[in-house]
Ligand SMILES: [Fe+2]
């Protein structure tokens, strides 16, 4: 059985945002210390803000100080004609820094941008929305939320996303009809944020079935762990994540670092409990010890990690890849049962299969 690699680059709908649109989105939060600059005028020491998401350039972050000319060459290769620089954060020898202009009192200097779309909460609480439409709206706006987070996984943004996820978790816990449609959503592409959201829906639903009679689990925290399980992919080269083919050994080695890197982001930003951080660290471990990064087996893997691994593999199998079409749910379930059952804790997998029956 080939290794299942889940989650990739941009969602087709969301990717339709043009570079110009992305640029205008970023320009809309300009401060007085930020200005547009031609690529030819870039210098080492300038603090740059790239006019697109990290999926479209080879750098780890959208914002950084240019430390060498090689980075300017790479920026030019990306096809940008101009970028934004923050003059206050730039340190360019011989260039005088313009001090921030005084702002009138009671004016907002920057437009506040929240990673959680207002429409997510509106859809969740819209009592007139039929369950199937509600599920579609919740998926769409959850995907936007996770996309925004992956663009900038700061502590503040993770905290905001946890609030958005908590509302989604409450919806799944209290609304069986909408939960059914969330479980059976047919939009499965291979992009990281779509995958993160689908795994979130699936894993929270499995946790709901398993922990129905228990108060011992913080479902909000658990939900955040599931939605953020692939957070470490923000530090994997996008060329590897988006590669339209099977990864080489070296590329696979890079990819296999994402559980550890995601765990580190959560530690550095002091987010999630130790138990829920294990979801991020252990979602590629396998019950038979054949997973990664630590080759844990059986009960060495936390229950939360085992739940996430089932949802993760199922979504990977039912998602389109550049080199293979998605399987339908039945075929995926059959393959998991017949060829991969030793990867999972059997009773958890059986409970997962039962989730797809109509309530
Ligand atoms: Fe993963």
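In the numbering used here, the protein residues as written are 331 to 689. Cβ atoms here follow ideal geometry from the backbone N, Cα and C, with glycine treated the same way.
Return no unless some Cβ of chain C is closer than 8 Å to the Cβ of residue i.
i: residue 648; result: Note that chain C does not occur in the displayed structure, where there is just one protein chain.
Near residue i, what residues of its chain come up, given a Cβ to Cβ distance below 6 Å and the 5 sequence neighbours on each side ignored?
i: residue 675; result: 617, 636
i: residue 332; result: The predicted model places residue 332 with a pLDDT of 48, which falls under 50 and marks its position as unreliable; any figure quoted below should be read in that light. Correct list: empty, nothing qualifies.
i: residue 595; result: 483, 561
i: residue 557; result: 495, 526, 530
i: residue 651; result: 520
i: residue 478; result: 445
i: residue 564; result: 480, 483
i: residue 601; result: 488
i: residue 553; result: 495, 499, 534
i: residue 603; result: 551
Output the boundary residues of the alpha helix (DSSP H) element that contains residue i.
i: residue 511; result: 506-513
i: residue 634; result: 633-647
i: residue 664; result: 659-669
i: residue 653; result: Careful: residue 653 lies outside any alpha helix (DSSP H) and carries neither H nor E.
i: residue 593; result: 588-598
i: residue 615; result: No alpha helix (DSSP H) contains residue 615, which DSSP labels as neither H nor E.
i: residue 580; result: 579-585
Which residues share a DSSP beta bridge with residue i?
i: residue 492; result: Its beta-bridge partners do not exist; DSSP assigns none.
i: residue 365; result: 415
Going by beta carbon distance, what residues of the same chain come within less than 7 Å of residue i, once the five residues before and after it are set aside?
i: residue 447; result: 471, 474, 475
i: residue 627; result: 617, 618, 619
i: residue 523; result: 341, 473, 476, 477, 480
i: residue 570; result: 577, 581, 584, 585
i: residue 609; result: 555, 556, 559, 634, 635, 638
i: residue 346; result: With a pLDDT of 35 at residue 346, under the threshold of 50, the modelled position of that residue is not reliable, and the figure given next carries that caveat. Closer than 7 Å at the Cβ level, and outside the excluded window around residue 346, lies no residue.
i: residue 338; result: Low confidence applies to residue 338: its pLDDT is 47, below 50, so where it sits in the model is not reliable, and the reading given next is rough at best. If we look at residue 338 and ignore the five residues flanking it on each side, its Cβ neighbours are 520, 521, 522, 571, 572.
Kindly list the residues whose CB is nearer than 8 Å to the CB of residue i, restricted to its own chain and excluding five residues on each side of it in sequence; keep chain order.
i: residue 515; result: 465, 466, 469, 528, 531
i: residue 541; result: 547, 549
i: residue 684; result: 539
i: residue 367; result: 376, 412, 413, 414, 415
i: residue 648; result: 518, 656, 657, 658, 659, 662
i: residue 587; result: 562, 565, 566, 623
i: residue 420; result: 375, 376, 377, 395, 427
i: residue 399; result: 374
i: residue 504; result: none
i: residue 369; result: 402, 405, 406, 410, 411, 412, 413
i: residue 632; result: 605, 608, 609, 612
Would you identify the three-state DSSP class for residue i, choosing helix, strand or coil?
i: residue 696; result: Given that the chain is displayed from residue 331 to residue 689, the structure contains no residue 696 and the question cannot be resolved.
i: residue 625; result: coil
i: residue 456; result: coil
i: residue 564; result: helix
i: residue 521; result: coil
i: residue 554; result: helix
i: residue 678; result: helix
i: residue 608; result: helix
i: residue 463; result: helix
i: residue 573; result: coil
i: residue 398; result: coil
i: residue 503; result: helix
i: residue 542; result: coil
i: residue 409; result: coil
i: residue 547; result: coil
i: residue 601; result: coil
i: residue 528; result: helix
i: residue 685; result: coil
i: residue 372; result: coil
i: residue 436; result: The predicted model places residue 436 with a pLDDT of 44, which falls under 50 and marks its position as unreliable; any figure quoted below should be read in that light. Looking at residue 436 - three-state DSSP - the assignment turns out to be coil, as it is neither helix nor strand.
i: residue 535; result: helix
i: residue 482; result: coil
At what residues does the beta strand (DSSP E) containing residue i begin and finish?
i: residue 394; result: 393-395
Are the segment 447-457 and the segment 407-423 in contact at 8 Å, needing three or more beta carbon pairs? Per the Cβ contact rule, the segment 447-457 is not in contact with the segment 407-423 (fewer than 3 Cβ pairs under 8 Å).
Would the segment 524-538 and the segment 620-629 be scored as touching if the rule is three or more Cβ pairs under 8 Å? With the cut-off at 8 Å, the segment 524-538 and the segment 620-629 do not touch.
Three or more beta-carbon pairs under 8 Å between the segment 678-689 and the segment 635-654, yes or no? Taking a contact to require three or more Cβ pairs closer than 8 Å, the segment 678-689 and the segment 635-654 qualify as touching.
Taking 8 Å as the threshold, find out whether the segment 567-574 comes into contact with the segment 500-511 through three or more Cβ pairs. The segment 567-574 is not in contact with the segment 500-511.
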